[in-house]
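Numbers given in our numbering equal positions in the sequence shown, counted from 1, plus 428.
The beta-carbon is built from N, C-alpha and C at its ideal position, and this holds for glycine as well.
The structure appears right after this line, and notes come after that.
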Amino acid sequence: VPRVFSGVQPTGNLHLGNYLGAIVRFVEMQSTHDCIYCVVDMHAITIWQDPAELARATREVTAAFLAAGIDPKAHIVFNQSQVHVHAELAWVFNCVARMGWLSRMTQFKEKAGKDRENASVGLFAYPNLMAADILAYLATHVPVGEDQKQHLELARDIATKFNHDFSATIASNGFGEEFFPITEPLITGPATRIMSLRDGTKKMSKSDPSEYSRIALTDDADAIALKFRKARTDPEPLPSEVDGLKGRAEADNLVGIFAALADQSKAQVLSDFGGSQFSVFKPALADLAVARMAPIASEMRRLLADPGHIDSVLTDGADRARAIAEKTMDGVKDVIGFIRKK
Ligand code: ATP
Ligand code: MG
Numbered sequence: 429v430p431r432v433f434s435g436v437q438p439t440g441n442l443h444l445g446n447y448l449g450a451i452v453r454f455v456e457m458q459s460t461h462d463c464i465y466c467v468v469d470m471h472a473i474t475i476w477q478d479p480a481e482l483a484r485a486t487r488e489v490t491a492a493f494l495a496a497g498i499d500p501k502a503h504i505v506f507n508q509s510q511v512h513v514h515a516e517l518a519w520v521f522n523c524v525a526r527m528g529w530l531s532r533m534t535q536f537k538e539k540a541g542k543d544r545e546n547a548s549v550g551l552f553a554y555p556n557l558m559a560a561d562i563l564a565y566l567a568t569h570v571p572v573g574e575d576q577k578q579h580l581e582l583a584r585d586i587a588t589k590f591n592h593d594f595s596a597t598i599a600s601n602g603f604g605e606e607f608f609p610i611t612e613p614l615i616t617g618p619a620t621r622i623m624s625l626r627d628g629t630k631k632m633s634k635s636d637p638s639e640y641s642r643i644a645l646t647d648d649a650d651a652i653a654l655k656f657r658k659a660r661t662d663p664e665p666l667p668s669e670v671d672g673l674k675g676r677a678e679a680d681n682l683v684g685i686f687a688a689l690a691d692q693s694k695a696q697v698l699s700d701f702g703g704s705q706f707s708v709f710k711p712a713l714a715d716l717a718v719a720r721m722a723p724i725a726s727e728m729r730r731l732l733a734d735p736g737h738i739d740s741v742l743t744d745g746a747d748r749a750r751a752i753a754e755k756t757m758d759g760v761k762d763v764i765g766f767i768r769k770k
């Protein structure tokens, strides 16, 4: 059975983009793959996080995974910092990846902003840790949103360079030609890039300072309706054909969200709403979002009322994850020439 790894950062407000672009896909893949889903708290601290808030958000992401339908017994759900191999393997990858490769990462440029001198070293090295997350489990498939494409390409470059740099000891230790698999990114589905409700050129993000830029998974019906009502649009009615969405980023985004929530194509949505004003379309979109999200939000609240249970899910998942990752790390050590207890 092919193995899937993916992660979500506990950096605050989980939103519709995380849900439609990642978590829905995580749920789907459970029937065909062995899945490892990680709350990547070590990634979160590449930007300073309030400690109490970090713990709260870690439990919240876990609750979202479970509420959406991830089965933590059949698969693995854990928080990254409980498995030391992520940090250990990331160090090795810090020494495999090149400065030039990381300098080209657009997420670093966006998150560091103008004051790059003041960004953490961790924010720069973030993609190496992400490669370690995936490759510690020799995962072959990684479902992510479109924004992570570049990081996954870097993970492939790291795996390729490691396999090449250590090819002699990889072979002599009995691992054949490739130690690490060349991971396939899975960037598919109708919602690989949900945009901000305030700016159709920026992706919806947890870290956007504006609450109105995103629909949070925990928003109630009133908040959802208000945010869609305030969502930026142009004054034209919706077109009847998908082609008519060209150059209308905000309209395209709202139609795409509707389509993803309704499991329809954009063409189907436009066949129903072509010619409608946003004053008609937005309330319909809000109703649909509430119908789809409210059961998840209420299940999350139920789960979060028992943080002890959530923590035990994470700890149990971490124990099973660690067993897999430690085996990989032993192999890495042998291949590199690190002496270890046998
Ligand atoms: P942050 O702003 O802190 O980076 P984020 O919203 O980007 O938060 P992440 O935890 O970095 O969330 O990403 C979790 C998963 O959600 C990744 O697979 C990512 O590609 C996906 N994702 C994030 N934003 C979107 C979006 N707007 N549309 C679709 N998928 C998204
Ligand atoms: Mg992100």
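CA nearest to the CA of residue 483, picked from 621, 747, 738 and 756:
738
Run of the beta strand (DSSP E) containing residue 431, from where it starts to where it stops:
DSSP places residue 431 inside the beta strand (DSSP E), whose first and last residues are 431-436.
Residue 437: CB within 7 Å of a non-hydrogen atom of the ligand MG
yes
Closest to residue 468 by CA distance: which of 756, 687 and 440 is it?
440
Under the rule that 16 or more other beta-carbon atoms within 10 Å means buried, what is residue 678, buried or exposed?
buried
Report the partner residues of residue 710 according to the DSSP bridge assignment.
Residue 710 is not bridged to any residue.
Grouping DSSP H, G and I as helix and E and B as strand, with all else coil, what is residue 592?
Of the three classes helix, strand and coil, the one that applies to residue 592 here is helix, per DSSP.
According to the neighbour-count rule (16 or more other Cβ atoms, all chains shown, within 10 Å of its Cβ), is residue 721 buried or exposed?
Counting Cβ neighbours within 10 Å, residue 721 comes out buried, since at least 16 surround it.
In whole angstroms, what is the alpha-carbon distance linking residue 727 and residue 669?
37 Å
Which runs of the beta strand (DSSP E) spanning at least 3 residues fall entirely within the stretch 528-574, listed in chain order?
569-571
Is residue 561 near the ligand MG, going by C-beta to nearest heavy atom under 7 Å?
no
Same chain, Cβ closer than 6 Å to residue 762, neighbours up to 5 away in sequence not counted
601
If we ignore side chains and look at the alpha-carbon of each, how far apart do residue 560 and residue 515 end up?
8 Å
Cβ-based burial, residue 488 [other Cβ within 10 Å; buried from 16]
That one is buried.
So is the beta-carbon of residue 767 under 7 Å away from any non-hydrogen atom of the ligand ATP?
no
Here's the rule I'm using: 16 or more other beta-carbon atoms within 10 Å means buried, otherwise exposed. How should residue 471 be labelled?
buried
For the alpha helix (DSSP H) that residue 754 lies in, which residues bound it at each end?
735-764
Might you give, ordered along the chain, the residues of its own chain that have their beta carbon closer than 8 Å to the beta carbon of residue 765, omitting 5 neighbours on each side?
597
In the DSSP assignment, find the unbroken beta strand (DSSP E) run with residue 608 in it and report its ends.
That residue, residue 608, is in no beta strand (DSSP E); it is neither H nor E in DSSP.
Can you give me the C-alpha to C-alpha distance between residue 461 and residue 581, rounded to a whole angstrom?
Residue 461 and residue 581 have their C-alpha atoms some 21 Å from each other.
Go through its chain and collect everything with a Cβ distance to residue 729's Cβ below 7 Å, but skip five positions before and after it.
none
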